[in-house]
Amino acid sequence: MAEFRDFIDIAAPPETVFEYLTTNEGMTAWMGHYADLDPAPGGNFAVDIAGHPVRGKYLHVEPPNRVVMSWGFAGSDDLPAGTSTVEFRLTPISGGTRVELWHYDLPDTEVRGHADGWANFLPRLAVVSAGGDAGPDDWQPLPD
515 MAEFRDFIDI AAPPETVFEY LTTNEGMTAW MGHYADLDPA PGGNFAVDIA
565 GHPVRGKYLH VEPPNRVVMS WGFAGSDDLP AGTSTVEFRL TPISGGTRVE
615 LWHYDLPDTE VRGHADGWAN FLPRLAVVSA GGDAGPDDWQ PLPD
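Take the sequence shown: its letters are residues 515 to 658, numbered as in this note's numbering.
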């Protein structure tokens, strides 16, 4: 299994960024077209991204510093629902928040596509957390 790591600095406090990781309205402002979130350990994590149903559970929720959820795709043989893990760590920095992302337990074949997705979505998270509008989410997965 493989891992993808990245980070972004956001001009907003951790409390604000945290809301975009744990509320339906917040999540769909930067990623996906539908969200049904229950941000408590064992609570459902469901986001539809580009027609793909991401499904998992919240594993750790520590306001406003850390959010961990299982991640996978309903009906997928390559990355079934809940089989990988996404972790966000939010650290206060001068002028805002550093968001560190770890996506681990990824099959090697899934790293390229998820790296492309996160490269699209993390900047959108920065825009909305700072009070902007990220615009329509028209990201599409890389072809196989």
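We put the CB at the ideal spot given by N, CA and C, even for glycine.
These figures come from a predicted structure and were not determined experimentally.
CB of residue i within 8 Å of CB of residue j, strictly
i, j, result
"residue 495", "residue 598", "Coverage of the chain is limited to positions 515 through 658, which leaves residue 495 absent and any answer about it impossible."
"residue 519", "residue 616", "yes"
"residue 588", "residue 569", "yes"
"residue 563", "residue 540", "no"
"residue 526", "residue 633", "no"
"residue 555", "residue 534", "no"
"residue 551", "residue 536", "yes"
"residue 524", "residue 610", "yes"
Bridge-paired residues (DSSP) for residue i
i, result
"residue 584", "599"
"residue 517", "618"
"residue 534", "BP columns for residue 534 are empty, so no partner."
"residue 612", "523 and 605"
"residue 469", "Residue 469 lies beyond the stretch modelled for the chain, which goes from 515 to 658, so this question has no answer here."
"residue 551", "559"
"residue 576", "580"
"residue 594", "587"
Inter-residue Cα distance where the pair is residue i and residue j
i, j, result
"residue 528", "residue 640", "12 Å"
"residue 557", "residue 600", "15 Å"
"residue 657", "residue 630", "11 Å"
"residue 580", "residue 613", "9 Å"
"residue 595", "residue 560", "10 Å"
"residue 603", "residue 575", "10 Å"
"residue 516", "residue 650", "30 Å"
"residue 593", "residue 655", "14 Å"
"residue 626", "residue 636", "16 Å"
"residue 538", "residue 608", "28 Å"
Local conformation of residue i per DSSP, three classes
i, result
"residue 566", "strand"
"residue 543", "helix"
"residue 528", "helix"
"residue 650", "coil"
"residue 636", "helix"
"residue 631", "helix"
Buried versus exposed call for residue i [16 or more other C-beta atoms within 10 Å across all chains shown]
i, result
"residue 623", "exposed"
"residue 553", "buried"
"residue 628", "buried"
"residue 646", "exposed"
"residue 565", "exposed"
Contact with chain B by residue i, beta-carbon distance below 8 Å
i, result
"residue 624", "You won't find chain B in this structure, because it holds only one protein chain."
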